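For the sequence shown, my numbering gives the first residue as 1314, with consecutive numbering after it.
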Amino acid sequence: MGLRPLRGWGPLNGQNSGSGEASSGGFERIQVGRVQLLVRSEAVSWSRQAVESYGSLHRAALNSAYQTLHGRGPVPVMTSPTGVGPPWAVRRYFRGGLMRPLHDRFLRAGRPRSFVEVENSARVAALGLATPRVVAAAVYPTGIFYRADLVTEFVTYARTLAQVLFEDDGPWGGDHSGHAHREALACTARLITDLSRAGIHHKDLNAHNVLIARDGQHVHATLLDLDGCRVGGPTHSVGAAALRRRLIRSIRKLEGARTQSLGPGGRRLTTYEMNDLLGEDNQS
1314 MGLRPLRGWG
1324 PLNGQNSGSG
1334 EASSGGFERI
1344 QVGRVQLLVR
1354 SEAVSWSRQA
1364 VESYGSLHRA
1374 ALNSAYQTLH
1384 GRGPVPVMTS
1394 PTGVGPPWAV
1404 RRYFRGGLMR
1414 PLHDRFLRAG
1424 RPRSFVEVEN
1434 SARVAALGLA
1444 TPRVVAAAVY
1454 PTGIFYRADL
1464 VTEFVTYART
1474 LAQVLFEDDG
1484 PWGGDHSGHA
1494 HREALACTAR
1504 LITDLSRAGI
1514 HHKDLNAHNV
1524 LIARDGQHVH
1534 ATLLDLDGCR
1544 VGGPTHSVGA
1554 AALRRRLIRS
1564 IRKLEGARTQ
1574 SLGPGGRRLT
1584 TYEMNDLLGE
1594 DNQS
């Protein structure tokens, strides 16, 4: 299930620009100039052309996007260059918190975040949890820093938990009864239980990196931003209470910054009610 760890920043076995080497997990590692990429076979041609023509996957996607999402930075969504399958979303990694002034630059210490996320995504999927399928990852070294991109298949008819709870548009638009909120929190509770049982610790679980997808009457939660995950496997249980507390803090922070409340009739949900909706902790 796992990928062979990608360590080191040097050229691939001394090979020339544009050459590549096989990797496990369905990915190929290639190099274009100084740019290192980890790509699935269907993304090799586009990735090479994107770097050669635009300098990065993110810039190439911005040039051909039919939709742009917004988080810490713009996330362009484009039609799959293969002509089949779901659209692709291309995310540039940006700094947050006290490191925000560094924008999209990361110190070249340890393993590149985009490559770590590729491996974590494979491990999480192998444990049976839903996460967007990774198509390609890129690292752009510059001096002591690097920038990084990640390309995933775009999950249609989906909103982040934050959007479901605090925004009116989208598939859940106009539902002020609280049903959509409770439905989203209930499937998030199932996700937290699954994370705990699978031994997955997400150090930054928040309302922005839980994706709520609707397929007809079925609603399920998908996990995003896996570069900070620690995947211990099913024999290493993780306390659901800690995951739930982290998520509730995130929701409360958003709730305090917005006028819309989570409770029926505009009433703010109590912490007890929020805990009840997100599930009892039987793992700690």
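Ideal placement from N, C-alpha and C gives every residue a C-beta, glycine not left out.
Nothing here was measured: the structure is a model prediction, and the numbers come from that model.
Own chain residues within Cβ distance below 6 Å of residue i, not counting five before or after
{"i": "L1382", "result": "V1388"}
{"i": "R1460", "result": "D1417, Y1453"}
{"i": "E1496", "result": "V1532"}
{"i": "A1373", "result": "A1363, Y1367"}
{"i": "T1583", "result": "none"}
{"i": "G1386", "result": "R1405, F1407"}
{"i": "D1507", "result": "L1442"}
{"i": "Q1349", "result": "V1452"}
{"i": "P1399", "result": "E1466, F1467"}
Of the listed residues the options, nearest to residue i (C-alpha basis)
{"i": "V1357", "options": "Y1367, G1368, V1345", "result": "V1345"}
{"i": "I1270", "options": "T1395, H1514, A1422", "result": "Residue 1270 cannot be examined here, being either before or after the span of the chain that is shown, 1314 to 1597."}
{"i": "L1478", "options": "G1384, E1568, N1588, Y1367", "result": "E1568"}
{"i": "T1392", "options": "L1415, R1385, A1402", "result": "A1402"}
{"i": "A1526", "options": "S1427, D1517, T1455, T1469", "result": "T1469"}
{"i": "T1455", "options": "S1369, L1411, A1570", "result": "S1369"}
{"i": "N1522", "options": "G1384, A1554, E1480", "result": "G1384"}
{"i": "E1480", "options": "A1520, V1431, V1429", "result": "A1520"}
{"i": "I1513", "options": "T1465, L1524, L1575, A1439", "result": "A1439"}
{"i": "A1554", "options": "E1432, V1544, T1535, H1515", "result": "H1515"}
{"i": "V1429", "options": "R1565, Y1585, C1542, K1566", "result": "C1542"}
{"i": "V1431", "options": "T1465, A1511, P1399", "result": "T1465"}
{"i": "R1436", "options": "R1347, V1544, I1343, K1566", "result": "V1544"}
{"i": "H1492", "options": "L1575, R1347, E1365, K1566", "result": "L1575"}
Contact test: residue i Cβ vs the ligand FAD heavy atom, cutoff 8 Å
{"i": "L1575", "result": "Looking at this structure, you won't find the ligand FAD or any other ligand, since it has none at all."}
Environment of residue i [buried if 16+ CB atoms lie within 10 Å]
{"i": "T1395", "result": "exposed"}
{"i": "V1397", "result": "exposed"}
{"i": "S1360", "result": "buried"}
{"i": "Q1476", "result": "buried"}
{"i": "T1473", "result": "buried"}
{"i": "N1376", "result": "exposed"}
{"i": "L1420", "result": "exposed"}
{"i": "S1563", "result": "buried"}
{"i": "H1494", "result": "buried"}
{"i": "M1587", "result": "buried"}
{"i": "P1414", "result": "exposed"}
{"i": "L1411", "result": "exposed"}
{"i": "H1371", "result": "buried"}
{"i": "Y1585", "result": "exposed"}
{"i": "A1570", "result": "exposed"}
Cutoff 7 Å; reference residue i; Cβ partners in own chain excluding five residues on either side
{"i": "S1434", "result": "T1444, V1447, L1539"}
{"i": "Q1380", "result": "V1390"}
{"i": "A1378", "result": "P1389, V1390, M1391"}
{"i": "G1409", "result": "R1385"}
Same chain, Cβ closer than 8 Å to residue i, neighbours up to 5 away in sequence not counted
{"i": "L1591", "result": "L1498, T1501, A1502, I1505, R1557, L1560, I1561"}
{"i": "S1427", "result": "L1351, Y1406, A1450, A1451, V1452, A1461, D1462, L1463, D1540"}
{"i": "D1589", "result": "none"}
{"i": "D1528", "result": "Y1470"}
{"i": "S1354", "result": "G1339, E1341"}
Host alpha helix (DSSP H) of residue i (start-end)
{"i": "V1429", "result": "1426 to 1439"}
{"i": "E1480", "result": "It is not in any alpha helix (DSSP H) - E1480 carries neither H nor E in the DSSP assignment."}
{"i": "R1559", "result": "1553 to 1570"}
{"i": "D1507", "result": "1492 to 1511"}
{"i": "Q1362", "result": "1357 to 1367"}
{"i": "R1526", "result": "Correcting the residue identity first, residue 1526 is Ala in this sequence and not Arg. Run containing A1526: none in the alpha helix (DSSP H); it sits in the beta strand (DSSP E), 1523 to 1528."}
Where the beta strand (DSSP E) through residue i begins and ends
{"i": "A1422", "result": "Where A1422 is concerned, there is no enclosing beta strand (DSSP E), given that its DSSP letter is neither H nor E."}
{"i": "L1351", "result": "1348 to 1353"}
{"i": "L1375", "result": "It is not in any beta strand (DSSP E) - L1375 instead sits in the alpha helix (DSSP H) that spans 1370 to 1377."}
{"i": "F1458", "result": "1458 to 1466"}
{"i": "Y1453", "result": "1447 to 1455"}
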